[in-house]
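Right, one structure below, let's go through it.
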Amino acid sequence: MAGTKAVQSEIATETGKTARTPEQIAAENDFIIKTMASALSIPLTKVKAAVALLDEGNTIPFIARYRKEMTGELDENELRSIEERLQYLRNLEERKREVIRLIDEQGKLSDELRSAIESSSKLQEVEDLYRPYRQKRKTRASVAKERGLEPLANWIWSQPKQGEPLTEAKRYIDADKGVAAAEDALQGAMDILAENIADDAAIRAWVRKHTFDNALVKTEAKDKEAESVYEMYYSYEEPVRKLPPHRVLAINRGEREDILRVSFQVQTDRIHDYVQRRTLRQYTADAVKAVLIAVIEDAYKRLIAPSIEREVRGELTEKAEEHAISIFSENLRNLLLQPPIRGNIVLGVDPAYRTGCKLAVIDDTGKLLEVAVSYPTPPNNKVKEAEMLINGLIDKYKVELIVIGNGTASRETEQFIASLIGKRKSAGAAGADLKYIIVSEAGASVYSASKLAAEEFPSLDVAERSAVSIARRLQDPLAELVKIEPKAIGVGQYQHDVSQKRLDESLGGVVESAVNHVGVDVNTASASLLSYVAGINATIARNIVKYREENGRFTKRGQLQKVPRLGAKSYEQCIGFLRIPEAANPLDRTPIHPESYDVVDKLLGELGLKAKQIGADEFKEKLGTVDAAALAPALGVGIPTLKDIVDSLLRPGRDPREELPAPIFHTDVLNIEDLTPGMELQGTVRNVIDFGAFIDIGIKNDGLVHISQMSDKFVKHPMDVVSVGDTVTVWVLNVDLKKGRVGLTMRKQSGN
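Here it is in C-alpha cells:
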C-alpha cells in the first residue's frame, strides 16, 4: 500500500540487466497490455493499438486526432492513462527481473520465492519480498550475526517443546566477540528474530492494511500559543482512511514548517495478536514463547511501526499530490481555453502604489503601440495627471478595452479607471462604450523577468513587460500564457507541496493538449507556443521562427519540411495542428492532415465540389448531406476520420474557444461595503479547489462558494459544477468587513 514514489526512493541503484529473448519480450508486452486493459477497463484491442503507436514515437495529440480508427477513438485522457500505466508496469517488470537476479546471486532464490515475485502486481509487493535479502546498513541484528548468535536465534525460532532460552544462551558467551553474558547472547538472538519478523512480506502487508484501515492520524501544535494558519490542527484527529487530499497536504506542510507534530494512533493489541497467531506454535515451551512474544512486541514497536507509518503517509501524500495535480491541471486547461477577445485596441494596466501603474497599449494583433506610467494611487495620488495621460492614450489609439491586473493596488486602480470611464461618458467623449476588466496577473512577473520577455521587448523594463502581458491575456489567453511556466499561473491548490517533476509533466501535458486542441497559426505563433505543438521541441520551434524571419511567411504546409531539424516524423506529428490562414491551398487552413488531402479530393469529386468553394452556402449544403458511414468505404478511409474531415470543411476557421461565453466587462466599481446578504451578482470563476470555488464578483478579494452552497443536490466535487472561467450567478450569504471576506451561494435564495 505504500506510495510508489516512496518505494522507488528506497530502491538501491543496482545494475546488471539480464538479457532476454524476443519471445520473452513479446510475452511480457502481451502480459502488460492485458493487465492494463483490465485495470483501465479499456478493450484489449484498443490498448494494444495505443501501445504500438506510442512505441513508434507518436504523440498523444496526434494519436487522439489522426489515428482514431486504430485506437477505437480513445481520447487524450485515456491515452495518457495508458501511457502512464505502461511506464509503471514496464518499470515493475524490470524491477522483478532485477530482484530475482540479485537474490539468485546470493544463492537464496527458491521456486516459491521466484513465483511470488513474478506474480506481484505492485512495486511495493516486490520490495517487501526483497527486503530480507537487501544489503542493509549496520543494524542490531547484523551485529548479533557477526557475533555468531544466529544459531541461537534459529533454536528459539524452532520453538522447542522443552528448554530454557537463557540456559541455551550460555553456550554462546564469548568475550572476544563481545558477548560477555548469557543475557547479551539472548538479546542478540532476539534482535535477529525481531528483524526477521519485521522483514516478513506477509506480516508487513497485513500491518500496512490494518494501519491504513484503522489508524487515527493525530496532530498537535508544538507551541499552542503561536498564531498560524494551522490552528485547526493544533489538537486534531481523524481516521487515516478518511483524510481528504487537501488536509493531507496541509498537515504535511505544517509539520515541515515545524509547527505541527504528527503521529499515528493504532490498536497494537490486534497487531500483536495477528503476528502471534502467525508465528507461535501450540506446544512451544513457555519460556521460549515468552521470549518470542517479547520479540514480536519489539519488532512492531521498533522496526515495523515506524516504517509502516512512513509508507502509509507516503501513500497518502502520493494520492494527495496526484489529486492536487489533477485539480491544477483541470483548472489550467479551462483557463488556457478561455475565449480570445479579438479585434480590439487594448490598454493594459499593471497596478502599483509607489512605483506607479505601468501602461501598455496594444493593437488588435497584439503589437505594442506605446508604453507609459501614471501615478493615480497612493502615496502619489496624481489623479489629474493620470487622467490626462490615459485619456490621451485612449483618444490617440481609440482604445476600446482596459485590462487591469489583479495584483497590488488593483482595486484602487479599478476605482480610478471606473471614475475615468464615468467622466468620459458624462462629457460625451468619443468611445463612450469603453469598458474594463480585471484579469489574473499570476505569472506575469515571472514572464516579464524571463529571457523570453527580454528578447521580445529588450527596450522595456520588467513592469512594462508585465503590462503588455496583462493586455495580451485578454486578446489571446493561450498564446500569452504558454510563455509562462505552467505552475506559476496560480490556479491550483498546494502546488508548491507536490512533486515538482510530476507537476511539470502533468501541466506540460495540459498545455500541449490545449495548444493542439486549438491549433496554431504558424505565421504568427511565438516559439513558446510552437514548442507545445505535437512533435515540435524548443529547438525546432526556434528554427521555425528563424526560417519565417529569414524567408518570409509560410504560404503552404509543405514548406515546413525545409525547416532544419524538422524531420519526417516531426512533420507527420505536427503538421495537422499548424494552420496557414493565407495559404493558396484552402486545406492548409484547416485541421485536416495532409495525409488525407487525397481523401478530400475524392470526397469533393463525389459531391461535385471544388476546394476553392469552401465556405460557400452550396458547399455547406452538400457537405451537410454526407453519410459518413456509407461513403467512408468508397473513399478508403475510416468513418471517424471522414467525420472529422467533413466537420473541418464545414468550419475551416473554427476556433473552439469562441463557442464559450465571453468574460464579464465592467464600467463601474463594486465595493465590499455595497454588499448585503441576498444580493444577486454575476461573477467569474477564478479558481476551483476541493472545498469550493473562488468567484470574482468585482471586489478586492474573490468571494468563496463553499461546496455545500453549489447546488441543492449533493455535490461530490466542485469541478462537477463549475470550471475556471465560467460565468455564474451567485447570491451574497455573508460579509466579513474586518477580514475582507465574502461568502457566496449558487443556491437560489427565497424571494429571488
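According to the working numbering, the sequence shown holds residues 1 to 752 in order. From the three backbone atoms N, C-alpha and C, an ideal C-beta is built for every residue, glycine too. Just so we're clear, the structure is a prediction, and the values are computed from it rather than from any experiment.
Other residues of its chain near proline 379: CB distance less than 8 Å, five sequence neighbours each side excluded: For the purposes of this step, residue 379 is taken as residue 379 along the sequence shown, with counting starting at 1. Once the five neighbours on either side are set aside, the close Cβ partners of proline 379 are Tyr353 and Arg354.
Near the ligand COA: valine 545 beta-carbon under 7 Å from a heavy atom: The ligand content of the structure shown is nil, which means the ligand COA is not present either.
C-beta atoms of valine 599 and leucine 635 nearer than 8 Å: Position 599 of the sequence shown, counting from 1, holds the residue named residue 599. Position 635 of the sequence shown, counting from 1, holds the residue named residue 635. In this structure, valine 599 sits near leucine 635, with a CB-CB distance shorter than 8 Å.
Residues near aspartate 690 in its chain [Cβ-Cβ closer than 6 Å; skip 5 each side]: The count along the sequence shown starts at 1 and reaches residue 690 at position 690. Excluding sequence neighbours, aspartate 690 sits near His246.
Residue interval of the beta strand (DSSP E) (run including glutamate 238): As a position in the sequence shown, residue 238 is number 238, starting the count at 1. Going by DSSP, glutamate 238 is part of the beta strand (DSSP E) stretching over 235 to 239.
Alanine 693, DSSP secondary structure in three states: Mapped onto the sequence shown, residue 693 falls at position 693. Looking at alanine 693 - three-state DSSP - the assignment turns out to be strand.
Endpoints, alpha helix (DSSP H) assigned at glycine 605: Counting from 1 along the sequence shown, the entry for residue 605 is found at position 605. Glycine 605 -> alpha helix (DSSP H) spans 597 to 607.
Among Glu56, Pro477, Ile489 and Glu98, nearest to arginine 20 - alpha-carbon criterion: By 1-based counting over the sequence shown, the position of residue 20 is 20. Taking only the C-alpha atoms, the option nearest arginine 20 is Glu98.
8 Å Cβ cutoff met for alanine 444 and serine 469: Numbered from its first residue, the sequence shown carries residue 444 at position 444. Numbered from its first residue, the sequence shown carries residue 469 at position 469. Contact annotation: alanine 444 and serine 469 have beta-carbon atoms nearer than 8 Å.
Contact under 8 Å by Cβ, glutamate 69 with threonine 641: Counting from 1 along the sequence shown, the entry for residue 69 is found at position 69. Counting from 1 along the sequence shown, the entry for residue 641 is found at position 641. Here glutamate 69 is near threonine 641, since their CB atoms are less than 8 Å apart.
Option nearest alanine 630 by Cα separation, candidates Glu606, Ala616 and Glu621: By 1-based counting over the sequence shown, the position of residue 630 is 630. Of the candidates Glu606, Ala616 and Glu621, the one whose C-alpha sits nearest the C-alpha of alanine 630 is Glu606.
Distance between arginine 171 and valine 498 (C-alpha atoms, nearest Å): The residue you call residue 498 lines up with position 498 of the sequence shown. The residue you call residue 171 lines up with position 171 of the sequence shown. About 55 Å.
Cα-Cα separation, isoleucine 192 to arginine 208: Residue 192 sits at position 192 when you count from the first residue of the sequence shown. Residue 208 sits at position 208 when you count from the first residue of the sequence shown. About 22 Å.
Length of the line joining the Cα atoms of glutamate 297 and lysine 108: Locating residue 297 in the sequence shown gives position 297, counting from the first residue. Locating residue 108 in the sequence shown gives position 108, counting from the first residue. Glutamate 297 and lysine 108: Cα-Cα distance of roughly 28 Å.
Contact check, leucine 566 vs leucine 578, beta carbons under 8 Å: Residue 566 sits at position 566 when you count from the first residue of the sequence shown. Residue 578 sits at position 578 when you count from the first residue of the sequence shown. Taking 8 Å as the cut-off, the Cβ atoms of leucine 566 and leucine 578 do not count as close.
Buried/exposed call for methionine 36, threshold 16 Cβ in 10 Å: As a working note, residue 36 is residue 36 in the sequence shown. By the neighbour-count criterion, in which 16 or more other beta carbons inside 10 Å mark a residue as buried, methionine 36 falls on the buried side.
C-beta atoms of leucine 152 and alanine 169 nearer than 8 Å: Numbered from its first residue, the sequence shown carries residue 152 at position 152. Numbered from its first residue, the sequence shown carries residue 169 at position 169. In this structure, alanine 169 lies closer than 8 Å to leucine 152 by Cβ.
Local Cβ density within 10 Å of valine 515, reported as buried at 16 or more and exposed below that: The residue you call residue 515 lines up with position 515 of the sequence shown. Classification for valine 515: buried.
Bridge-paired residues (DSSP) for cysteine 357: As a first step, residue 357 is located in the sequence shown; it is residue number 357 there, counting from the start. Beta bridge pairing from DSSP links cysteine 357 with Ser374.
Beta-carbon gap between leucine 452 and lysine 483 smaller than 8 Å: Within the sequence shown, residue 452 is the residue found at index 452, counting from 1. Within the sequence shown, residue 483 is the residue found at index 483, counting from 1. Yes. Within cutoff.
Alpha carbon of glutamate 412 to alpha carbon of arginine 465, nearest angstrom: Against the sequence shown, residue 412 aligns to sequence position 412. Against the sequence shown, residue 465 aligns to sequence position 465. Each residue's alpha carbon lies about 21 Å from the other.
Cβ-based neighbour list, glutamine 749, same chain, cut-off 7 Å, excluding 5 preceding and 5 following: By 1-based counting over the sequence shown, the position of residue 749 is 749. Excluding residues within five positions, the ones whose Cβ falls inside 7 Å are Gly678 and Trp731.
Test item: CB-CB of leucine 603 and lysine 622 under 8 Å: Mapped onto the sequence shown, residue 603 falls at position 603. Mapped onto the sequence shown, residue 622 falls at position 622. No. Outside cutoff.
Reduced DSSP secondary structure (H/G/I, E/B, other) of arginine 686: The count along the sequence shown starts at 1 and reaches residue 686 at position 686. When secondary structure is reduced to three states using DSSP, arginine 686 falls in the strand class.
Neighbourhood of isoleucine 11 by C-beta, 8 Å cutoff - its chain only, sequence neighbours within 5 removed: Within the sequence shown, residue 11 is the residue found at index 11, counting from 1. Only weak support is given to the placement of isoleucine 11: the predicted model assigns it a pLDDT of 42, under 50, and the value that follows is read from those uncertain coordinates. Result list for isoleucine 11: Arg95 and Glu127, in chain order.
For leucine 129, the three-state DSSP class (helix, strand or coil): Indexing the sequence shown from 1 puts residue 129 at position 129. Three-state DSSP puts leucine 129 in a helix.
Local Cβ density within 10 Å of threonine 59, reported as buried at 16 or more and exposed below that: Within the sequence shown, numbered from 1, the residue matching residue 59 stands at position 59. Under this definition threonine 59 is a buried residue.
DSSP three-state assignment for leucine 186, whether helix, strand or coil: As a first step, residue 186 is located in the sequence shown; it is residue number 186 there, counting from the start. The DSSP-derived three-state label of leucine 186 is helix.
contact_flag[the stretch 358 to 368, the stretch 418 to 425] where n(CB pairs < 8 Å) is 3 or more: The way I'd put it, the stretch 358 to 368 doesn't touch the stretch 418 to 425; fewer than three beta-carbon pairs between them come closer than 8 Å.
Which of helix, strand or coil DSSP assigns to threonine 219: Walking along the sequence shown from the start, residue 219 turns up at place 219. Shown here, threonine 219 sits in a strand according to DSSP, grouped into three states.
Under the three-state DSSP convention, the category isoleucine 25 falls into: Reading the sequence shown from its first residue, position 25 is the one you call residue 25. The three-state reading of DSSP puts isoleucine 25 in helix, counting H, G and I together.
Distance CB(valine 705)-CB(threonine 676) smaller than 8 Å: To locate residue 705, count along the sequence shown from 1; it is residue 705. To locate residue 676, count along the sequence shown from 1; it is residue 676. Taking 8 Å as the Cβ cut-off, valine 705 and threonine 676 do not qualify as a contacting pair.
Same chain only: Cβ atoms within 6 Å of asparagine 701, ignoring 5 sequence neighbours per side: Position 701 of the sequence shown, counting from 1, holds the residue named residue 701. Correct list, in chain order: Gly740.
Residue environment, arginine 137, which counts as buried when at least 16 other CB atoms sit within 10 Å: By 1-based counting over the sequence shown, the position of residue 137 is 137. Label assigned to arginine 137: exposed.
Proline 661 beta carbon less than 8 Å from that of isoleucine 437: Indexing the sequence shown from 1 puts residue 437 at position 437. Indexing the sequence shown from 1 puts residue 661 at position 661. The beta carbons of isoleucine 437 and proline 661 sit no closer together than 8 Å.
Unbroken beta strand (DSSP E) run spanning threonine 729, endpoints: Position 729 of the sequence shown, counting from 1, holds the residue named residue 729. Annotation for threonine 729: the continuous beta strand (DSSP E) segment containing it runs 727 to 736.
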